[in-house]
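Residue numbers (full-length UniProt numbering): 1 to 137. Glycine included, each C-beta is placed from N, C-alpha and C at the ideal position.
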């Protein structure tokens, strides 16, 4: 997969509803996974969306998730730019440059789903998510 850049939206408990709406608007293939599917049995979040991805026929990609209760949620600041792919060298280089002078909110490291993932806010106040996928072989 080549690297891509797309919006990543955050919601408070209504990501499923929002992403189903966006699928009706734009069409395409919508995939959603819950926190429970990734091993979190807490009834407060188990059915909430950990990650949703809409891929449209026009080439649009929109990603989203529900914000867990322990994380701050402020309407109006609910979007990040997501960089994802399997070109680890490029993605790590971009991560380092974006994080420089900014704030790392989640270090770039291996996650429960197998990829490396990190979040930061750059020195200009833009939120970024970087996901380095495992090469498909």
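For residue i, the first and last residue of its enclosing alpha helix (DSSP H)
i, result
"residue 96", "88–99"
Selection from the options that minimises the alpha carbon distance to residue i
i, options, result
"residue 120", "90, 66, 96 and 37", "96"
"residue 7", "99, 55 and 42", "55"
"residue 57", "2, 63, 23 and 35", "23"
Burial state of residue i, where buried means 16 or more other Cβ atoms lie within 10 Å
i, result
"residue 129", "buried"
"residue 14", "exposed"
"residue 39", "exposed"
"residue 45", "buried"
"residue 21", "exposed"
"residue 123", "exposed"
"residue 50", "buried"
Same chain only: Cβ atoms within 8 Å of residue i, ignoring 5 sequence neighbours per side
i, result
"residue 81", "5, 6, 7, 8, 126, 127, 128 and 129"
Own chain, CB closer than 6 Å to residue i, minus 5 neighbours either side, in chain order
i, result
"residue 106", "118 and 119"
Just to confirm the assignment: which complete beta strand (DSSP E) runs, minimum length 3, are found wholly within the UniProt domain "PhnB-like" (5–130)?
Every unbroken stretch of the beta strand (DSSP E) spanning 3 or more residues and falling wholly within the UniProt domain "PhnB-like" (5–130) is given here in chain order: 29–34, 49–55, 61–66, 79–85, 103–110 and 116–121.
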